[in-house]
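Here the structure is laid out as structure tokens; the discussion comes afterwards.
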């Protein structure tokens, strides 16, 4: 150990690189820091001529004011319901599909996998016009149970958007649990269903959690489709709510302290969840390109 | 073993397939059909859409304004993708070269930026670039440049500059982490041997490191191109903050304003089909690389 430290100290290149890495880290994290810092400061301090770099004497007043608006909790509620419905259905359906493609060899398997991979690449920006028109006609037909400004309508579009990548992620996990394990349990007298729930399912739990968090992040952060589908103010999801929060500035000076407090409220849970799944997302997206 | 058709895999696939057909395949089909019709405000009020063949597409490529949107989108997408990948590779090399503690600090900083929800990130950047009280203008002014009260969104070029800064900031972490994972495949012994033999840093990079990380590099570049082509949220929110819409529209925001705002669904559908086709064509090599590991 001691030898290693000496060796590191002897290399000037490593010292320079370390300093550069710290400097870049500072630049990269600055916007996140600035959000937190501004959220703690009153607007009068934020709009003074010299910026305050450390939020000494800050308070949680901005947060209190955001909570006092009430629209925050309304948007939070909508976001929670839309996201939970989307995550639950997406996991269930994607899990079934992943079982099918990794445990069975059947006609059409390759085409399905190919379709899933292609669909995953379809941009919402190339589809939202059609989805908007579809939801507006479905809304007329179903009395707005599913349609524009409906929680189920938005959830449905989110499920479809997230299923492909979730199937792809789960497929890897299911394939990682050897079918032999299940078969061995069946030889020992378990039924197929029992063998599955006793043996395979617990081993898949980490995969389900990772995919669930991924689906959660996608639905929770989604902006484009929500903007098109949820046009009523009372049906806004959190990202839409945050957007209108700044737009209030058209008539009066924006209260940046409150806007940053609102951003912090939207971002912090996401950041925590994100850190949980980041590794799996990276490897899922570039799998095949990195050996090992 | 007797051969009989197994129904279970098909049953297991049914829910996923039904959802995908309803929420994606149907809209794609509707879009293809609508792109071949005249579907404007009159049709909104009940007139049946009139079949016009490829008129919308012809008009799309003939109208200078639309052509401009397409050209700007492609330019924006290429510039952003190349910058993102170049900076991402740079940071991956930096992670590799830095000491353990500094590397951890950089990784945490990048992860935080990556994790920011796009709308939250946009509000922060709007605050940073705020013309009146933003820190960017203050910093530039304190370096002696005259940026007090400078409006970044007024001029389209400076608008795209801000958009590029934001998009690159958000996208670099993914590239840096992916490339860093690729770099861990490079055995340090080979690099040391090359150094002993007198290879310069650049030679070591192009002759040893680059060939090993090329597959990752190709994939992240491709993904960046695909993602930057569809950039919407960032442009939309920058526009809403007070920019001129017509001169700053890219494909996503143009489709939005043509369809949702103006009700010209025929043209919006044609543009969407164009975006879908472009994305599909670009995705083909990526999908092929993923299929290889299946």
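Chains as they are written, first to last, in the numbering used here: chain A, 6 to 297; chain B, 830 to 1123. For glycine and all other residues, C-beta sits at the position ideal for the given N, C-alpha and C. Keep in mind it's a predicted model, so treat the numbers as computed, not measured.
Cβ neighbours of residue i in the same chain (closer than 7 angstroms, five flanking residues each side left out)
| i | result |
| --- | --- |
| residue 190 of chain A | 200, 203, 204 |
| residue 979 of chain B | 960, 966 |
| residue 910 of chain B | 1050, 1053, 1054, 1057 |
| residue 1118 of chain B | 1048 |
| residue 1037 of chain B | 1015, 1019, 1020, 1023 |
| residue 992 of chain B | 1063, 1064, 1067 |
| residue 861 of chain B | 1102 |
| residue 281 of chain A | 218 |
| residue 1092 of chain B | 869, 870, 873 |
| residue 1116 of chain B | none |
| residue 963 of chain B | 956, 957 |
| residue 896 of chain B | 890 |
| residue 106 of chain A | 114, 117, 118, 176 |
| residue 834 of chain B | none |
Cβ distance (whole Å) where residue i is taken to contact residue j below 8 angstroms
| i | j | result |
| --- | --- | --- |
| residue 229 of chain A | residue 111 of chain A | Going by Cβ atoms, the distance from residue 229 of chain A to residue 111 of chain A rounds to 35 angstroms, so no, they are not a contact pair. |
| residue 213 of chain A | residue 96 of chain A | 6 angstroms |
| residue 1059 of chain B | residue 188 of chain A | Not really, about 45 angstroms apart at Cβ, beyond 8 angstroms. |
| residue 141 of chain A | residue 152 of chain A | 7 angstroms |
| residue 37 of chain A | residue 941 of chain B | 5 angstroms |
| residue 171 of chain A | residue 216 of chain A | 5 angstroms |
| residue 898 of chain B | residue 1061 of chain B | The pair is not a contact, with the Cβ atoms about 13 angstroms apart (cut-off 8 angstroms). |
| residue 1120 of chain B | residue 119 of chain A | 7 angstroms |
| residue 885 of chain B | residue 1109 of chain B | Their Cβ separation, rounded to whole angstroms, is 19 angstroms, which puts residue 885 of chain B and residue 1109 of chain B out of contact at 8 angstroms. |
| residue 985 of chain B | residue 1086 of chain B | Wrong, their Cβ atoms sit about 16 angstroms apart, outside the cutoff. |
| residue 935 of chain B | residue 179 of chain A | Contact flag wrong, Cβ pair sits at about 35 angstroms. |
| residue 859 of chain B | residue 139 of chain A | 7 angstroms |
Spatial neighbours of residue i in its chain, beta-carbon cut-off 8 angstroms, leaving aside the 5 residues before and after
| i | result |
| --- | --- |
| residue 913 of chain B | 996, 997, 1000, 1001, 1004, 1053, 1057 |
| residue 9 of chain A | In this prediction, residue 9 of chain A has a pLDDT of 47, which is less than 50 and means its spatial position is unreliable; nothing more can be read from the coordinates. |
| residue 846 of chain B | none |
| residue 13 of chain A | Because residue 13 of chain A sits at a pLDDT of 45, beneath the cut-off of 50, its placement in the model cannot be relied upon, and the following sentence gives the value as read from the coordinates. Cβ neighbours of residue 13 of chain A beyond the five flanking positions: 19. |
| residue 905 of chain B | 989, 992, 993, 1057, 1060, 1079 |
| residue 857 of chain B | 1105 |
| residue 296 of chain A | Only weak support is given to the placement of residue 296 of chain A: the predicted model assigns it a pLDDT of 43, under 50, and the value that follows is read from those uncertain coordinates. There are no such residues. |
Beta-ladder partner(s) of residue i, from DSSP
| i | result |
| --- | --- |
| residue 880 of chain B | B/866 |
Own chain residues within Cβ distance below 6 angstroms of residue i, not counting five before or after
| i | result |
| --- | --- |
| residue 167 of chain A | 95, 220, 223 |
| residue 144 of chain A | 152, 153 |
| residue 1124 of chain B | A question about residue 1124 of chain B goes unanswered here, because the residues of chain B that appear run from 830 up to 1123. |
Any C-beta of chain A under 8 angstroms from that of residue i
| i | result |
| --- | --- |
| residue 952 of chain B | yes |
| residue 874 of chain B | no |
| residue 888 of chain B | no |
| residue 860 of chain B | yes |
| residue 956 of chain B | yes |
| residue 892 of chain B | no |
| residue 1069 of chain B | yes |
| residue 835 of chain B | yes |
| residue 962 of chain B | yes |
| residue 1084 of chain B | yes |
| residue 942 of chain B | yes |
Minimum Cβ-Cβ distance from residue i to chain B less than 8 angstroms
| i | result |
| --- | --- |
| residue 195 of chain A | no |
| residue 154 of chain A | no |
| residue 165 of chain A | yes |
| residue 223 of chain A | no |
| residue 188 of chain A | no |
| residue 144 of chain A | no |
| residue 233 of chain A | yes |
| residue 136 of chain A | yes |
| residue 215 of chain A | no |
| residue 25 of chain A | yes |
| residue 149 of chain A | no |
| residue 87 of chain A | no |
| residue 203 of chain A | no |
| residue 67 of chain A | no |
| residue 46 of chain A | no |
| residue 281 of chain A | no |
Contact test: residue i Cβ vs the ligand GDP heavy atom, cutoff 7 angstroms
| i | result |
| --- | --- |
| residue 879 of chain B | Although the ligand GDP was asked about, the structure shown includes no ligands whatsoever. |
Any contact between the region 238–254 of chain A and the region 76–87 of chain A? By contact I mean 3 or more CB pairs, one from each, below 8 angstroms.
yes
Does the structure place the region 258–269 of chain A close enough to the region 35–53 of chain A that three or more beta carbon pairs sit under 8 angstroms?
yes
I'd like to know if the region 922–936 of chain B and the region 20–31 of chain A are in contact, where contact means that at least 3 CB-CB pairs between them fall below 8 angstroms.
yes
I'd like to know if the region 865–875 of chain B and the region 114–131 of chain A are in contact, where contact means that at least 3 CB-CB pairs between them fall below 8 angstroms.
no
Could you list the residues in the region 1052–1063 of chain B with a C-beta less than 9 angstroms from some C-beta on chain C, going in chain order?
Going by chain labels, chain C is absent from the structure shown, which instead holds the protein chains A and B.
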